[in-house]
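Here this note's numbering is used: the first residue of the first sequence is 13, the next is one more, and so on.
Idealized CB from N, CA, C, for every residue including glycine.
The model shown is predicted, which means the values in this text are computed figures rather than measured ones.
Encoded as structure tokens, the structure appears first; notes follow it.
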Amino acid sequence: MSAHMHSKFYIGYRPSPRRLNSCMMVDNPYLAHLPPFQRGAVHSSSSSPLFGFLPRKVKGEQVRKAMNHQLNPFTKQPHSAQYRKILETRRALPVFSQMDDFLELFSKNQIIVMVGETGAGKTTQIPQFVTYSDLPHTKGKLVACTQPRRVAAMSVAQRVADEMDVQLGKQVGYSIRFEDMTESETTFLKYMTDGMLLREAMSDTELSRYSTIILDEAHERTLATDILMGLLKNLAKRRKDLKIIVMSATLDTVKFQSYFSLHDSAAGEKPSPAPLFKVPGRTHPVEVFYIQEPEPDYVEAAIRTVLMIHRAEDPGDILIFLTGEEEIEDACRKIKIEADDLLNADPSSVGPLMCVPLYSSLPLQQQQRIFDAAPKPSQAGYPPGRKVVVSTNIAETSLTIDGIVYVVDPGFLKQTVYNPRIRVESSLVSPISKASAQQRAGRAGRTRPGKCFRLYTEKDFMLELEEQTHPEILRSNLANAVLGLAKYGIKDLVRFDFLDAPAPETLMRALELLNYLAALNDEGELTALGGVMAEFPLDPQLAKMLIVSPEFRVSNEILTITAMLSIPNVWLRPPNQRAAAEQAKAMLTVPEGDHFTLLNVYNNYAQSTYSEPDVIQSMTPLVDKDDRNWAWNNFLSARALAQAENVRAQLLRTMEKYDVDVISLEDERKRNIGIRQALTCGFFMQVAHKEGEKGSYLTVKDNQVVALHPSCGLDTQPEWVLFNEFVLTKRPYIRTVTEVKPEWLLEYAPVYFDLASFPDGETKRALQRVANRRRGTNGGKEPRPKKKLKKSQMNH
DNA sequence: GAGCACTGC
């Protein structure tokens with residue numbers, strides 16, 4: 013299928029008259045050593061705005077002159093009036109006055125570490141300065157600037173395109189999952205997600221398209237940025253022509269500087285830290301208050317603080333950080349009740365209060381309410397109203413709300429922690445770091461001076477809080493990352509130079525899983541199967557299951573199930589309509605297993621959908637689509653379903669690229685068996701065996717006592733179940749569960765289920781009985797696979 | 001009979 017070629021998001025190469033013109037004349041001496049075909053974009057006469065620019069030796073004086081030039085050097089068109097207007101505001105940015113220093117440092121160094129608080133303009137300006145000096149368009153290369161989030165990559169690219177007076181997607185573009193807004197041979201400044209650059213590195217280990225790579229928001233320490241830092245540090249030694257800039261918002265730069273110290277140890281050089289470039293921030297002062305005594309109940313304390321602010325402080329909106337949906341909804345209810353009481357008791361001295369919850373699973377329309385204006389006074393001459401946003405950590409970095417003057421910070425967040433011993437990621441409430449506390453406080457000073465109320469003591473802040481949040485690489489399951497690094501060609505992970513090295517046990521768990529899945533052989537080398545697995549934007553278990561599924565002739569169904577397992581929860585449960593939501597869910601439930609229910613939900617959704625097969629939907633939720641009613645009526649998240657559709661389309665393209673056939677079985681009974689067999693091939697390490705009659709299960713090998721999650725739709729309690737997720741909340745649960753046959757475990761995962769090395773227990777005895785039975789039916793011979801599997805799919 | 005902090009490919 014080549015449908016995506018017609019998508020509006022895939023802009024093909026089109027020769028333009030402008031590009032042809034720019035190829036004509038060359039009079040710049042430094043061009044002499046360039047191959048002729050690279051001369052294209054360079055300037056034709058002394059009137060050219062970039063006349064005399066020597067790549068990477070450009071001075072601030074020259075750039076300012078070019079910026080003020082009548083012609084845009086990159087389009088050869090006259091600058092617009094809007095350009096000049098924006099240029100005025102750019103000149104007021106702190107970083108703009110440091111252009112000369114920056115360009116000098118850039119000329120002299122391969123790697124630079126930059127630090128600057130928000131508001132300094134580094135994300136928009138530095139890549140432009142780099143472009144003027146590096147002149148990537150003259151070498152057929154690009155400058156890349158990575159961002160941890162898609163929205164940031166898109167909006168910054170738009171802003172910079174405006175600043176440079178070019179059309180977004182031409183000279184300046186962005187690249188995020190599902191959307192490539194660049195034009196090959198035209199785009200030379202590209203904003204992209206860090207994950208996107210990491211993926212590119214897997215197929216082009218030299219990242220040869222790029223002349224300069226800027227890692228922005230490096231202090232956030234996302235998994236992708238951390239791995240990129242490791243790769244780039246090494247790459248810098250091989251590619252002396254590659255320049256790297258690491259930009260961070262906190263002062264923890266010494267670590268970055270020494271990590272990126274460049275020295276030639278062979279030549280006996282001493283390591284010298286990478287140079288640091290500082291940009292002053294430009295935010296308003298925020299006054300910080302601490303409590304005197306520790307508070308046992310931070311939610312209650314937060315509510316009291318909000319009401320105190322409301323009664324006693326000047327007008328201005330409030331932002332409270334809590335940890336999760338339930339806590340937030342609960343707090344909103346209580347604040348509303350209390351605030352209404354205050355208003356009724358004394359309307360002349362207290363204004364009305366509007367309380368808005370904010371968390372990521374909230375439907376987008378409700379999220380938008382955070383931008384509503386605060387309520388008006390209850391009557392003329394009375395105090396103005398106030399808006400209170402009660403949010404998760406999403407408001408710390410992902411969403412910015414203007415007009416916040418007061419921040420209430422109880423000092424906690426929910427974050428996942430990976431326990432490699434039991435191979436479980438769980439969501440835990442934990443204290444924030446100092447850096448995070450500082451970031452939260454900063455949210456009060458975006459529009460004018462503000463106040464931050466910390467619901468912990470100053471002593472606790474000083475002594476108990478960690479300096480920085482633990483980077484993701486130390487808190488996550490690394491199976492995916494390790495597969496990616498293997499694909500990249502990293503052989504010795506234990507000696508890989510990470511900024512913060514993950515726990516050896518975490519790496520071991522990842523290697524073990526990939527070995528059982530036959531993505532890595534016993535020497536830890538990538539197998540052919542592993543190479544294809546790495547091409548899919550999926551966890552290894554899902555990738556394996558999908559690639560194997562054509563063997564069972566159910567890849568069409570497994571594709572859908574995979575997409576549904578890669579998106580957030582689709583089930584909505586509005587607190588006041590729980591019964592109705594349960595009923596709707598029951599209508600869609602397939603008793604054979606939760607994976608089948610997910611398949612059923614998607615198929616129903618797809619049928620209800622007006623489909624545009626030739627258009628890849630953008631990441632924007634499809635709120636106008638016909639199916640919105642169907643999703644809504646069935647208490648399903650339209651946003652999640654639209655995401656599933658996107659993911660499915662992307663996976664389908666990858667399957668086609670790597671010749672993974674998309675097929676389906678006509679016969680329903682056979683099809684359902686095939687689906688469960690394919691599931692087994694990916695998830696044989698996530699199987700539980702029923703123990704006793706009380707519905708408790710024991711996970712295979714790890715021997716964790718678990719229960720079926722209450723959301724599970726099975727109508728019986730099968731002896732053997734496969735699960736997608738182990739969740740550790742009040743009790744350990746397994747979620748998204750389907751029955752499997754023990755024969756399949758022995759057949760499709762013989763290494764993992766090798767009984768000679770299996771831990772003793774009831775599970776082993778049950779498997780032993782199955783093995784004996786199988787031998788019996790085979791006349792004493794070793795079991796033989798019913799279906800001939802490709803070598804790559806067998807475990808060794 | 002319970003929950004999904006938040007990103008990303």
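Taking the alpha-carbon of residue i as reference, which of the options has the nearest alpha-carbon?
i    : options                : result
L440 : Q89, S215, L497, Q427  : Q427
E325 : Y418, L254, E312       : Y418
A465 : V298, A593, E524, G773 : Residue 465 is actually Phe in this sequence, not Ala. Of the candidates V298, A593, E524, G773, the one whose C-alpha sits nearest the C-alpha of F465 is V298.
L411 : K399, Q380, K77        : Q380
L757 : R747, L740, K742, T775 : T775
G694 : E478, P552, G457       : P552
I340 : G328, S215, V400, F301 : V400
T198 : I570, R221, D679       : R221
R688 : Y709, T150, I570       : I570
Y809 : V172, L355, E537       : Residue coverage of the chain in this structure runs from 13 to 808, which leaves residue 809 outside it and unanswerable.
S361 : L467, D671, A392       : A392
V566 : V429, V107, A386, E680 : E680
G336 : L370, R323, D358, R683 : L370
W583 : T692, A643, T101       : A643
L425 : E437, L201, A449, N405 : N405
E129 : A261, Q480, T692       : A261
I123 : E731, P461, S284       : S284
Could you spell out where the alpha helix (DSSP H) holding residue i opens and where it closes?
i    : result
N736 : Unbroken run through N736 is the beta strand (DSSP E), 732 to 740; no alpha helix (DSSP H).
V825 : Within the shown structure, residues of the chain are numbered from 13 to 808, placing residue 825 beyond reach of any answer.
F765 : Where F765 is concerned, there is no enclosing alpha helix (DSSP H), given that its DSSP letter is neither H nor E.
A93  : 93 to 103
Check residue i in the structure and name its three-state DSSP category.
i    : result
D353 : helix
L467 : coil
M176 : coil
R189 : coil
G128 : strand
G788 : helix
R822 : The structure shown does not extend to residue 822, since the chain spans only 13 to 808, so no value can be given for it.
T198 : coil
V142 : helix
L505 : coil
A156 : strand
P516 : helix
I573 : helix
H487 : A small correction: the amino acid at residue 487 is Arg; His does not occupy that position in the sequence shown. Coil.
M259 : strand
I444 : coil
M204 : strand
Can you name the start and end residues of the beta strand (DSSP E) that residue i belongs to?
i    : result
N84  : That residue, N84, is in no beta strand (DSSP E); it is neither H nor E in DSSP.
N431 : 424 to 431
H817 : Outside the displayed range of the chain (13 to 808) lies residue 817, so it cannot be described from this structure.
C367 : 365 to 370
I226 : 222 to 227
Y302 : 298 to 302
F333 : 329 to 333
For the ligand NAD, I want to know if residue i counts as a neighbour, meaning its beta carbon is within less than 7 Å of at least one of the ligand's heavy atoms.
i    : result
K556 : This structure lacks the ligand NAD; in fact it carries no ligand of any kind.
For residue i, count the other beta carbons within 10 Å of its own beta carbon; 16 or more makes it buried, fewer makes it exposed. Which is it?
i    : result
N489 : buried
C132 : Per the sequence presented here, residue 132 reads as Ala, with Cys not at that position. With 16 or more other Cβ atoms within 10 Å, it is buried.
R813 : Beyond the ends of the chain as shown, which are 13 and 808, falls residue 813; an answer cannot be given.
I444 : buried
Q595 : exposed
G328 : buried
Q94  : exposed
L376 : exposed
G501 : exposed
G788 : exposed
R103 : exposed
D421 : buried
Three-pair Cβ contact test at 8 Å for the stretch 185 to 193 versus the stretch 224 to 233
no
Three or more C-beta pairs under 8 Å: does that hold for the stretch 203 to 218 against the stretch 148 to 158?
yes
Touch check for the stretch 588 to 608 and the stretch 662 to 677: three-plus C-beta pairs under 8 Å?
With the cut-off at 8 Å, the stretch 588 to 608 and the stretch 662 to 677 do not touch.
Determine, using beta-carbon pairs with one atom in the stretch 640 to 659 and one in the stretch 594 to 612, whether at least three such pairs fall under 8 Å.
yes
So, does the stretch 139 to 152 touch the stretch 58 to 76, judging by three or more C-beta pairs under 8 Å?
yes
May I ask you to verify whether the stretch 542 to 551 touches the stretch 479 to 499, counting CB pairs closer than 8 Å and requiring at least 3?
yes
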